[in-house]
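Protein chains in written order, with the numbering used here: chain A, 4 to 229; chain B, 4 to 229.
Glycine included, every Cβ here is placed at the ideal spot set by N, Cα and C.
Encoded as structure tokens, the structure appears first; notes follow it.
2 protein chains.
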Amino acid sequence: LFRFEETSNQIMQLSPATPKILCVLRNFVAHAKELNNPLPAKPIFFLKPPSAIVTEAGNGGFIDVPAGVECHHEVELGVVIGKGGRNIPEETALEHVKGYVLCLDLTARDIQAQAKKDGMPWTEAKGLDSFCPIGEYLPKERIADPQQVELWLKVNGAVRQQALTDLMIFPVARQIAAASQRFTLTEGDLLLTGTPAGVGPLVDGDVVTAGITGITEMTFRVRQLH
Amino acid sequence: LFRFEETSNQIMQLSPATPKILCVLRNFVAHAKELNNPLPAKPIFFLKPPSAIVTEAGNGGFIDVPAGVECHHEVELGVVIGKGGRNIPEETALEHVKGYVLCLDLTARDIQAQAKKDGMPWTEAKGLDSFCPIGEYLPKERIADPQQVELWLKVNGAVRQQALTDLMIFPVARQIAAASQRFTLTEGDLLLTGTPAGVGPLVDGDVVTAGITGITEMTFRVRQLH
Ligand SMILES: [Mg+2]
Ligand SMILES: [Mg+2]
Ligand SMILES: [Mg+2]
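Structure (structure tokens):
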């Protein structure tokens, strides 16, 4: 038996406690319908790599879209986990929330469509560099009830997505409970909780502004890579 | 603009430099054929969450299989990234390797089959707790050529997988180059490089031993959860 702690933190860096980005899919009825997707019977998750994170201050505030890729915006409420756990009961799940962060679950819709057709992983469609723009960290106190905030997103000033989080099929607490039955949650994990209707393409030069009404706002510019 | 560094490392913990686990699929012809899968034209990746990592010393050396889940063993050479990068050329890709670690890419084959059929993410099939057993950290010097090592896996003493890594469709250098075109690589990233033929189910009480011939060996026991 080797002592993991010796190798992990000092040499490998990666350990079971390394934070991850979990995202729930099809969590707003109107969004599932706009993409002709069936509604899930339980929360289903996928991962985004941390390398996809971009901030207004990082990468010059740019969302980078590779040439030929159809990038869709999805505005989502991000939940930052404080106390980790496994098999967390829904009743106490919100006690495991440390804070919130506004996120875009950018999606290469064309790559995703091909992956779905081929039965392949969603990783490339969801995980390209800069495909996880995030806003400022919001301590838990800033949001009294995660099911009672309004998410919005504008492209070049025109509203594309706007909805209250009380429309979620699976509320945040249910998502935390469900995720923790499959994947042990650890401090620093980020959970993207699904997008409302109105997703659509972003093209070179677009200015994307997103917000949680009355709480936070962020702006990114879209740049096509060649 | 908010300063990401202030929130990320101290409060959010997650940053673009947080290490990830990337895995390549269908990288040995005989393995792709045994599952009746077409061969990929280029390396295709998926993610495992760090929470899936288990070591001989962690979790008591147990692989935990939820009741009703068909868990398959896949022995793989893990590559630990040292110097990160984006668009790394294949020619210099091995300079980005810091070391190696023997890994099992455990797979809930039944959940994966359903996900493939439904066009859903592979995350649950690949990412359950303890579904990424890893061995001791091997500094780069321990493996002269990653395409010239033998991987093997035994279940209860019977050999199930045994193959030289020169059978990889996409060698390690090509995988690093391909991965870095989509996902910026960062120090500490772990790359699972594909499994040879011979995958099969693990059931309660099985003892799994895997190794890189002449270099390292690890043992796990399978425990069914109720
Ligand atoms: Mg996936
Ligand atoms: Mg989404
Ligand atoms: Mg594999």
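Cross-chain neighbours of residue i in chain B, by beta carbon under 7 Å
i             : result
residue 21(A) : 21, 22 and 53
Bridge partners - residue i, DSSP secondary structure assignment
i              : result
residue 102(A) : 83(A) and 142(A)
residue 57(A)  : 136(A)
residue 76(B)  : 203(B)
residue 213(B) : 156(B) and 221(B)
residue 226(A) : 67(A)
residue 165(B) : 155(B)
residue 24(B)  : 51(B) and 193(B)
residue 97(B)  : Note: residue 97(B) sits in no beta bridge, so no partner.
residue 171(B) : 31(B)
residue 111(A) : 74(A)
residue 88(B)  : 188(B)
Minimum Cβ-Cβ distance from residue i to chain A less than 7 Å
i              : result
residue 316(B) : Look at the range of chain B in this structure, 4 to 229, and you will see that residue 316(B) is not part of it.
residue 91(B)  : no
residue 140(B) : yes
residue 171(B) : no
residue 216(B) : no
residue 4(B)   : The predicted position of residue 4(B) is uncertain, since its pLDDT is 41 and thus under 50; no value can be drawn from it.
residue 50(B)  : yes
residue 193(B) : yes
residue 160(B) : no
residue 56(B)  : yes
residue 143(B) : no
residue 219(B) : no
Supposed close pair residue i, residue j - CB separation, criterion 8 Å
i              : j              : result
residue 199(A) : residue 17(B)  : The Cβ separation is near 24 Å, so there is no contact.
residue 140(B) : residue 14(A)  : 5 Å
residue 158(A) : residue 209(A) : 5 Å
residue 102(B) : residue 142(B) : 5 Å
residue 85(B)  : residue 68(B)  : About 34 Å separates the two Cβ atoms, so there is no contact after all.
residue 175(B) : residue 82(B)  : 6 Å
residue 137(A) : residue 30(A)  : Not quite, the Cβ-Cβ distance comes to about 18 Å (not below 8 Å), so this is no contact.
residue 211(B) : residue 196(B) : Rounded, the Cβ-Cβ distance is 19 Å, inconsistent with contact.
residue 66(A)  : residue 156(A) : At roughly 12 Å, the Cβ-Cβ gap does not stay under 8 Å, so residue 66(A) and residue 156(A) are not in contact.
residue 162(A) : residue 37(A)  : Not a contact, Cβ separation roughly 15 Å.
residue 122(B) : residue 23(A)  : Incorrect: roughly 23 Å between the Cβ atoms, too far for contact.
residue 50(B)  : residue 28(B)  : Going by Cβ atoms, the distance from residue 50(B) to residue 28(B) rounds to 12 Å, so no, they are not a contact pair.
Closer than 8 Å at the beta carbon, the chain B residues around residue i
i              : result
residue 185(A) : 127, 130, 131 and 132
residue 122(A) : 118, 119, 120 and 122
residue 66(A)  : Neighbours of residue 66(A) on chain B: none; closest Cβ ~14 Å, over 8 Å.
Distance cut-off 6 Å: residue i Cβ against heavy atoms of ligand 5
i              : result
residue 148(B) : Summarising the ligand content, the structure contains ligand 1, ligand 2 and ligand 3 and does not contain ligand 5.
Interface flag, residue i vs chain B, CB-CB below 7 Å
i              : result
residue 1(A)   : Outside the displayed span of chain A (4 to 229) sits residue 1(A), for which this structure offers no information.
residue 3(A)   : Residue coverage of chain A in this structure runs from 4 to 229, which leaves residue 3(A) outside it and unanswerable.
residue 146(A) : no
residue 174(A) : no
Interface partners of residue i on chain A, CB under 7 Å
i              : result
residue 190(B) : 16
Within-7 Å CB hit, residue i to chain E
i              : result
residue 205(B) : This model lacks chain E altogether; the protein chains it does include are A and B.
Do the stretch 37-46 of chain B and the stretch 171-187 of chain B meet, that is, are 3 or more Cβ pairs less than 8 Å apart? Here the stretch 37-46 of chain B makes contact with the stretch 171-187 of chain B; the two share three or more CB pairs at distances below 8 Å.
Are at least three pairs of beta-carbons, each pair with one atom in the stretch 64-80 of chain B and one in the stretch 110-119 of chain B, less than 8 Å apart? The answer is yes - the stretch 110-119 of chain B touches the stretch 64-80 of chain B, with three or more Cβ pairs under 8 Å.
Inter-stretch contact (C-beta, 8 Å, three-pair minimum) for the stretch 143-152 of chain A and the stretch 123-135 of chain A: Output reads no: the stretch 123-135 of chain A does not touch the stretch 143-152 of chain A.
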